[in-house]
Amino acid sequence: MVLDIVIMAAGKGTRMKSRHPKVLHRLAGRTLLAHVLATTAALGDHPTWVITGHGADAVESAIAGSGAQGVRQMPQLGTGHAVQQVVPHLADVGAQPATTLIPTGDVPLIPAATARALADACGGQRLALLTIVLADATGYGRILRAGDAVDGRVLGIVEHKDATP
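Per the numbering used here, numbering through the sequence shown is continuous, rising by one, with the last residue being 167.
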């Protein structure tokens, strides 16, 4: 299976109330983004892109030497728009199974085993998306699904500012 990795790292970090790019905040001696890059590196040698926006120069400097490529999202028009920026770079695999794993650069504690299980569970479908259901989703965007939260097909993404409770 071909696996493309696209790390979302363009956000402003509004909830963090910081001018510093949120993915460059440190946890246990490394940036949040470095933790995510380590997780994705543990999945093997796969093409990896980091979508940058807010603080793009600093984020791109932070990924230098990691093997990941920066792709800028300017202007920042939301999560779906961010992913669109990297689509031209994704593998053209024809009939070969391929999956795109899209972790966020500000969620550093997802184990590599969880990321691997997610990619494997896709069975060659193009998109792997790991989400959670929150009792209070204030401040977060929404994934719209057909059916239940576990087996539902993804219909769309709604940014927080456009979401209903």
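Backbone N, C-alpha and C define an ideal beta-carbon position, used for all residues, glycine too.
If you're wondering where the values come from, they're calculated on a predicted model, not measured in any experiment.
Straight-line gap, residue i to residue j (C-alpha atoms, nearest Å)
i    : j    : result
I53  : Q75  : 7 Å
H37  : L111 : 7 Å
G141 : H83  : 19 Å
Q71  : D138 : 34 Å
Q87  : M10  : 11 Å
L103 : T133 : 12 Å
V85  : A12  : 11 Å
I159 : Q127 : 18 Å
G15  : V25  : 8 Å
T81  : R32  : 25 Å
Reference residue i, options the options, closest by Cα
i    : options                  : result
E161 : L39, Q86, L79 and V38    : L79
R28  : L120, Q86, D6 and A64    : A64
A100 : A123, A44, G154 and I159 : A123
G55  : G107, G69 and G67        : G107
G154 : R17, V135, L26 and V4    : V135
A115 : H22, K24, R32 and A40    : A40
T42  : L120, V89, L26 and A30   : L120
L35  : P49, H48, K19 and A66    : A66
H22  : A60, S68, G143 and L45   : A60
G57  : R118, V73, A165 and K163 : V73
A117 : G143, A44, K19 and D164  : A44
Simplified DSSP state of residue i, which is helix, strand or coil
i    : result
V88  : helix
R17  : helix
I65  : helix
G107 : coil
D47  : coil
G82  : helix
A30  : coil
T166 : coil
A36  : helix
A12  : coil
A70  : coil
Own chain, CB closer than 7 Å to residue i, minus 5 neighbours either side, in chain order
i    : result
L157 : L146, R147 and A148
L92  : D6 and T102
Residues of its chain near residue i, where Cβ-Cβ distance is below 8 Å and the 5 sequence neighbours each way are ignored
i   : result
W51 : D6, I7, V8, I9, A70, Q71, G72, V73, V88 and H91
Proximal residues to residue i (C-beta, below 6 Å), its chain only, five neighbours per side dropped
i   : result
H48 : L5 and I7
E62 : T54 and G72
Unbroken alpha helix (DSSP H) runs of length 4 or more, entirely within the segment 112-153: which are they? 114-123
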